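When we follow my numbering, the leftmost residue of the sequence shown carries the number 11, and every step to the right adds one. What follows is one structure encoded as structure tokens, with my remarks underneath.
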Amino acid sequence: MESLIKFVQEEFVTKKDFPDFSAGDTITVYYEITEGQKTRTQFFRGVVIQKRGSGASQTFTIRKMSGTVGVERIFPLNLPALQKIEINKRGKVRRARIYYFRELTGKKARIKERRR
Numbered sequence: 011m012e013s014l015i016k017f018v019q020e021e022f023v024t025k026k027d028f029p030d031f032s033a034g035d036t037i038t039v040y041y042e043i044t045e046g047q048k049t050r051t052q053f054f055r056g057v058v059i060q061k062r063g064s065g066a067s068q069t070f071t072i073r074k075m076s077g078t079v080g081v082e083r084i085f086p087l088n089l090p091a092l093q094k095i096e097i098n099k100r101g102k103v104r105r106a107r108i109y110y111f112r113e114l115t116g117k118k119a120r121i122k123e124r125r126r
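Structure representation (structure tokens):
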């Protein structure tokens with residue numbers, strides 16, 4: 011049964027070519043919003059908290075600060091409305107899921123940039 015699901019996902023789900031990113035990276039996600047008959051492009055810039063899943067069901071969570079309130083958004087990687095992903099900064103973190111980042115504020119909430 012699992013092989014059948016994997017086969018269908020590989021054959022019929024269209025894969026977009028996004029850059030490779032991981033937890034700690036600061037990225038900008040451009041996605042399309044439909045309001046009535048009008049469509050517009052909106053972006054969401056923040057730090058990647060986690061990537062989870064595999065194949066067609068892969069998702070990633072982004073966190074940004076809007077004023078003093080933290081806002082998180084979960085995006086499926088194969089969302090049809092996703093237009094492009096830009097990597098603004100590569101972060102140096104030791105974990106794949108940086109949930110501790112939610113409690114940090116001020117200067118403690120900075121992530122060092124990874125050297126090339």
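Virtual Cβ for every residue (Gly too), placed ideally from N, Cα, C. Note that this is a predicted model, so its numbers are computed, not measured.
Point to revise | 8 Å Cβ shell around T49 - same chain, five flanking residues per side excluded | key: For T49, where only same-chain residues beyond five positions count, the Cβ hits under 8 Å are E42, I43.
**Study point:** 8 Å contact criterion, which S32 and V58 should meet: CB distance rounded
**Key:** At roughly 7 Å, the Cβ-Cβ gap stays under 8 Å, so S32 and V58 are in contact.
Exercise for review: Mind the definition here: the stretch 53 to 71 touches the stretch 106 to 119 only if three or more C-beta pairs lie below 8 Å; say whether that holds.
Suggested key: The stretch 53 to 71 makes contact with the stretch 106 to 119, as at least three CB pairs between them are under 8 Å.
Check your understanding: Using the rule of at least 16 other Cβ atoms within 10 Å of the residue's Cβ for burial, across every protein chain shown, is D27 buried or exposed?
Key -> That one is exposed.
Practice item. Rounded to whole angstroms, what's the CA-CA distance from L92 to T38? Just pull it up for me. Key: Straight-line Cα distance between these residues: approximately 11 Å.
Review point. What residue range is occupied by the uninterrupted alpha helix (DSSP H) comprising F22?
Key: 12 to 22 is the extent of the alpha helix (DSSP H) around F22.
Exercise for review: Could you spell out where the beta strand (DSSP E) holding S76 opens and where it closes?
Suggested key: Counted as a single uninterrupted DSSP element, the beta strand (DSSP E) harbouring S76 occupies residues 69 to 76.
Check your understanding: Among all the DSSP beta bridges, which residues are the ones paired with I95?
Key -> According to DSSP, I95 bridges with V39.
Exercise for review: Following the continuous beta strand (DSSP E) through T115, name the residue where it begins and the one where it ends.
Suggested key: No beta strand (DSSP E) holds T115; DSSP gives it neither H nor E.
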